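Residue numbering for the sequence shown follows UniProt numbering, beginning at 1 and increasing consecutively.
Backbone N, C-alpha and C fix where the C-beta goes; we use that ideal spot for every residue, glycine too.
Fair warning: this is a prediction, and the values are worked out from it, not measured in the lab.
Here the structure comes first, spelled out in structure tokens, and everything after it is commentary.
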Amino acid sequence: MPSVKNPNRPSKNRLAARAAKAKKANQKRADPANRSKITKADKTRGARPGLLPNSGPRAQVSAKKARKLEKKMGYALKRQMEAEGEAEMKDAPVVEEKATQEGEDVEIQ
């Protein structure tokens with residue numbers, strides 16, 4: 001007669017080991033450090049956390065295009081400032097304000 005209760009099912013040790021293994025896998029999967037922000041569509045094209053796609057909106061911008069975008073953003077910022085009325089006055093002379101001694105008589109210890 002066998003010494004176990006039911007030989008046709010996994011033992012308590014095996015069940016505990018299986019549960020521990022599943023728990024560890026779930027913790028790894030749920031860890032926010034391991035989550036990548038790669039979309040499912042990019043994954044189907046072969047993108048992985050270390051490898052971004054070569055084309056599409058998530059592709060890395062080349063240095064040349066980055067410079068062009070930087071210029072465009074600068075021009076857009078200037079247009080926005082001019083629309084708000086904060087335009088640079090290039091022809092106006094630079095006037096430096098002289099600090100009066102009366103307002104700054106605070107002693108520093």
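Taking a C-beta distance under 8 Å as the contact criterion, Ile38 and Ala30 do not qualify as a contact pair. For Asp42, the three-state secondary structure derived from DSSP is helix. A straight line joining the alpha-carbon of Asn6 with that of Arg18 spans about 18 Å.
Between Pro53 and the set Lys78, Ser62, Asp42, the nearest pair of CA atoms involves Asp42.
Under the DSSP assignment, Arg9 falls outside any alpha helix (DSSP H); it carries neither an H nor an E label.
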